[in-house]
Every structure is written in C-alpha cells, then in structure tokens.
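Student:
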Amino acid sequence: MNPVNVGLLGLGTVGGGTVNVLQRNAAEITRRAGRGIRVTHAAARNLAAPRICSTDGIRLTTDPFEVVRDPDVQIVAELIGGYEPARELVLEAIAHGKHVVTANKALIALHGNEIFAAAREQGVVVAFEAAVAGGIPIIKALREGLAANQIDWVAGIINGTGNFILTEMRDKGRDFADVLAEAQELGYAEADPTFDVEGIDAAHKLTILASIAFGIPLQFDRAYTEGITRITRDDVAYAEELGYRIKHLGVARRNGAGIELRVHPTLIPERRLLANVDGVMNAVLVMADAVGPTLYYGAGAGAEPTASSVVADLVEVTRALTSDPENRVPHLAFQPDAMADLPILPMEAIQSAYYLRLLAKDRPGTLADVTRILAERGISIEAILQKEPAESATDVPVIILTHCVREGEMDSAIASIEALDSIIAPVNRIRVETLDAR
Ligand code: HSE
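If you read the sequence shown in my numbering, its first letter stands for residue 1, the second for the next number, and so on.
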C-alpha cells in the first residue's frame, strides 16, 4: 500500500522531533500502521533557520495554507501552536477533507467544540494526544482504557515548566527567573511563559481532560486559574514541616452539584506519588469507580516525548483512513449527542481543605479570635503552627491547616480574619488536596 502523506505545519521543537521519530522508527511504525507514514510537505516561518531534523525529501514552504490545501497530503499535523492562524489552518484542512493531528492545547481548549463539529461534518478525525501532558498517552487512557468507568476526578501536574521551577526552588533554593530562563532554553516553556507560570497552559490541558473524563463540552472560559508566582520559600518550608509538598495542580472533580475545574498551587501529602513528581515531568492521577486510582507519569514536554504522541496519533489516523466515520472513537470520548449538561461550578462552591498563612501581632487573644472565626463557619482545624518572630520583629507567622470546607465559607472567614486588628497582612491561602477517594 502507498505510504500516507503528512503535511507538517511547523518545523520547530515538536515538528523536528516528529520528523526524526518518523524517520528513525519508520520500519516499526509501518509494521503498526500497515503502511508507511512520511512527511512530504512542511511549512516553516523561516526556511533558513537551524533545524534539529533533516528535511531531505520534504517540500518546504513559508505558506502554511499551501500545505493544508495540498491535494497529495492526507493528514495535516498542526505543530505551530497558538490560537491563530492555527484555528484557521485546521478548519481549512478539514474543509479540504484532511485529517488533522495537533499538539495545540490552546486551540483545542478554546476552539475544540467548533473544530470537532466541522470534522464530524466532513467525516475526518482530529487527534490531539500531544496537546495534554506531552508524551503521556493520557487522552487514549481516559477515552478508551477507562471507558468502563464513571470518572470521579482527575488531578494532574500538567505543566512541566511550572513543576521544574517549583522543584528547583525547593531543592536548590534557585531564583524563579533563573529557572524559568533555563526551562525556555530547554524548549519546555510556552512562547509566552506567563502561560506556564500563571497556569493558563495547565488550564488549557485540564479543560480537555475534564471534557473527556465527564463527557462535557470544552469550557476553558469557566476554568479557575491561579499561578505559582506568589508561592514563597517560607510556604514551601512550612508545607514540608507539616508533611506536604506544594505542586501546581489541575483538578477536575464531579462534586454532586456540578464540575470543579481549577488550576492552582496545592499542598499534597508528601507520601503521595504525585507529590514526588519532580522537575519537568508530568503526571495525571485519575480516580474512577471501577478501577480505583490510576496514575500516568512521563515527560510532559520536549521534542521527542511530544513527537511520541504526535506519531501515535498519525498511526491512529492512518488506520482510521479506511474506517467508517460513524464507528470511530468520538473526539471527546462520549457520543456528541450524549454530552452532559453539568455546570462548571464557581469557586465559592468548590470543596477543599486549606493552608492559611497569617502574619499576626504576638499578643494574647489573637489565635482565639482566629479560631473563633473559623469555628463560627464550621471550619475545623487540622493543625496549627506558630513560628518564632523574625529577629526584633513583633509579628509572628501562624500557619493553619483546615479540614475540607466549601470555599465560600473560607472566603468569608478570611475576610473576617483580615479585618482583625491583630492581623497585619493579607492571609496567604493555598488549597490542600489529600487525593484520597473523596
Ligand atoms: N509549556 C508546556 C509545559 C509545554 O511546560 O508543560 C508542554 O505543553
């Protein structure tokens, strides 16, 4: 059988990695797919730029529309990232009857509903394994491997750059900006690194995971996103003293009233495997009713780990070229006419335990006032740490760990605590996830 022709949009880190993996493993890939898969046409912004791959035998252009309209191309791999022109290119490829493979989480999280509808109409596949957690086959696992289960929650470290920064800060006391610069050099960080450190990249990925886990439409605009820039070394140290690690976590949970969809720094008990996922590695923990917890771990970024997912999708789409469009795995795991109408909950309706760091005047009654405010709202305390005041200071850091409570109650408690005369700085609140069966 003739090889399948792939048109590549982007010849950077992921594009270059994809060409290399396709070339190096050509024989194994052909054995799996039933026919060869080769890149015949590729678009790059700068044709003279240095490359990590050979472009021998590939027609090169600076115009990506030439690739998506090429009648000889059967699958378009969109590896340029960003919202536009990626959206326009993917829709144009679909309109030309091409199947699409993309590593673009921003595109799927924001425009996936539109793109999948267009793909269904044309009878083509849009595959996006590489969009979430790089080389970890989490889309396939959730969509197919766990298809027997009701998924209760998904919690993941799904931004390698953020995890790398938090790990280096904790282990080596390195400076935030210095670690970020290294992550950029290594090709982990987004073009705009605020996407990494402010949690936007993780929220893109979480939005996709939640849709596939619960069978709900993609709703990135409803995701709560909080970054890691306000985490201090003191927080990291106090958390450790209490037996926790701070991770930037994406959590999607069914909680009875609806779906929690949130990305924020989170204390995790240090004995949990997820708390020990360090450096640029990603991991996703899934709690499902039949199988229980399953954990997926691996490289979340980088040329060949991401190419591993892109090429797996190319193999899957190659097999699908001859399959009946009605009998393919649905893009979002559930049949399009069976999507659930579960609301994404506002943050005041989520349930979480909390770490609170207060700066208090060291005088009698302060702690009594704070604990009274918590008790009045039914917030139960799990642990309290009071630290020595810094030299010649009269203010003391107080760290409180609470049990699980509705966030609205915690918001009200924090407002009352901050209004006390004896509390001299805004309360630093970090959510806590025990990651047990709840
Ligand atoms: N910037 C992303 C990360 C790349 O650091 O995880 C992979 O999506």
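Here a beta-carbon is modelled for each residue, glycine too, at the ideal position from N, C-alpha and C.
In this text the structure is predicted, and so the values were computed from the model without any measurement.
Heavy atom of the ligand HSE less than 7 Å from the Cβ of N159, yes or no?
Tutor: Yes, the beta carbon of N159 sits closer than 7 Å to at least one heavy atom of the ligand HSE.
Student: Could you tell me the boundaries of the alpha helix (DSSP H) in which L209 lies?
Tutor: Its alpha helix (DSSP H) spans residues I200 to F214.
Student: What did DSSP end up calling I450 once you bin it into helix, strand or coil?
Tutor: A query on residue 450 cannot be resolved here, the shown segment of the chain reaching from 1 to 438 and no further.
Student: Cα separation between G162 and E226?
Tutor: Their backbone Cα atoms lie some 12 Å apart in a straight line.
Student: If you measure between the beta carbons of E129 and A312, is that distance less than 8 Å?
Tutor: In contact: E129 and A312 (Cβ atoms closer than 8 Å).
Student: So L60 and E78 are supposed to be a Cβ contact under 8 Å. How far apart are they, rounded?
Tutor: Not quite, the Cβ-Cβ distance comes to about 17 Å (not below 8 Å), so this is no contact.
Student: Could you tell me the boundaries of the alpha helix (DSSP H) in which Q122 lies?
Tutor: Unbroken alpha helix (DSSP H) run through Q122: K105 to Q122.
Student: Could you give the first and the last residue of the continuous beta strand (DSSP E) run that contains A353?
Tutor: Where A353 is concerned, the enclosing beta strand (DSSP E) stretches over Q351 to K361.
Student: For K140, does the three-state DSSP call read helix, strand or coil?
Tutor: K140: helix per DSSP, three-state reduction.
Student: Quick one: is S309 buried, meaning 16 or more other Cβ sit within 10 Å of its Cβ, or exposed?
Tutor: Classification of S309: buried, given that the 10 Å Cβ count is 16 or more.
Student: My guess is that A425 and I373 are in contact by the Cβ rule of under 8 Å, so how many angstroms apart are they, rounded?
Tutor: Wrong, their Cβ atoms sit about 16 Å apart, outside the cutoff.
Student: Using a Cβ-based criterion (distance less than 7 Å to any ligand heavy atom), does F199 qualify as near the ligand HSE?
Tutor: The sequence given here places Gly at residue 199; Phe does not occur at that position. G199: no, Cβ never under 7 Å from the ligand HSE.
Student: With DSSP as the reference, label A42 as helix, strand or coil.
Tutor: Strand at A42.
Student: Sort out for me which residues DSSP pairs K247 with in a bridge.
Tutor: In DSSP, K247 forms a bridge with T266.
Student: My output table needs one value for P3: the three-state DSSP class, helix, strand or coil.
Tutor: Three-state DSSP puts P3 in coil, outside helix and strand.
Student: Tell me whether D201 is buried or exposed, calling it buried when 16 or more other Cβ atoms sit within 10 Å of its Cβ.
Tutor: It is buried - the Cβ of D201 has at least 16 other Cβ atoms within 10 Å.
Student: Would you list the residues sitting across from M281 in a DSSP beta bridge?
Tutor: In the DSSP output, where bridge partners are listed per residue, M281 has A299.
Student: Once the 5 residues before and after S422 are set aside, which same chain residues still bring their CB inside 7 Å of it?
Tutor: The residues are A360, K361, R363, T366 and D369.
Student: Name the residue from E409, V432 and V67 whose alpha carbon lies nearest to the alpha carbon of E348.
Tutor: Closest option to E348, Cα to Cα, is E409.
Student: Could you spell out where the beta strand (DSSP E) holding D178 opens and where it closes?
Tutor: Here D178 belongs to no beta strand (DSSP E); instead the alpha helix (DSSP H) covers F176 to E185.
Student: Hey, is A301 close to the ligand HSE, as in C-beta under 7 Å from one of its heavy atoms?
Tutor: Flag set: Cβ of A301 near the ligand HSE.
Student: Tell whether a beta-carbon distance below 8 Å holds between A127 and E316.
Tutor: Contact: yes.
Student: If contact is defined by three or more beta carbon pairs under 8 Å, each pair taking one atom from either stretch, is the segment 134–145 in contact with the segment 299–306?
Tutor: Taking 8 Å as the limit for Cβ pairs, the verdict is that the segment 134–145 does touch the segment 299–306.
Student: Where does the unbroken beta strand (DSSP E) through G156 begin, and where does it stop?
Tutor: I151 to I157 is the span of the beta strand (DSSP E), which, as asked, contains G156.
Student: Of the choices L274, F65 and E326, whose alpha-carbon is the least far from that of P85?
Tutor: Comparing Cα positions, the closest option is F65.
Student: Select from S54, P336 and Y355 the residue whose C-alpha is nearest the C-alpha of E114.
Tutor: Of S54, P336 and Y355, the residue nearest in Cα terms is P336.
Student: With three or more beta-carbon pairs closer than 8 Å as the criterion, would you say the segment 137–146 touches the segment 329–345?
Tutor: Because the criterion of three Cβ pairs below 8 Å is met, the segment 137–146 and the segment 329–345 touch.
Student: In three-state terms, what does DSSP make of T167?
Tutor: If DSSP states are grouped into helix, strand and coil, T167 belongs with the helices.
Student: Taking I259 and I216 to be in contact with their CB atoms under 8 Å, please state how far apart those CB atoms are, rounded to whole angstroms.
Tutor: Rounded, the Cβ-Cβ distance is 6 Å, consistent with contact.
Student: Do L285 and G173 have their C-beta atoms closer together than 8 Å?
Tutor: No, they are not a contact pair.
Student: Closest to L110 by C-alpha separation, out of A131, L342, E121 and H99, would be which residue?
Tutor: Ranking A131, L342, E121 and H99 by Cα distance to L110 puts A131 first.
Student: Measuring only the C-alpha atoms, how far is G34 from D278?
Tutor: Each residue's Cα considered, the two are about 38 Å apart.
Student: From this set, V73, I80 and Y83, which residue's C-alpha is nearest I93's C-alpha?
Tutor: Residue identity differs from the one stated: residue 93 is Ala in this sequence, not Ile. Of V73, I80 and Y83, the residue nearest in Cα terms is V73.
Student: Buried or exposed, going by whether 16 or more other CB atoms sit within 10 Å of the CB of L273?
Tutor: The residue is exposed, with fewer than 16 neighbouring Cβ atoms inside 10 Å.
Student: E388 lies in the beta strand (DSSP E); which residues open and close that run?
Tutor: Element bounds for E388: n/a, residue is neither H nor E.
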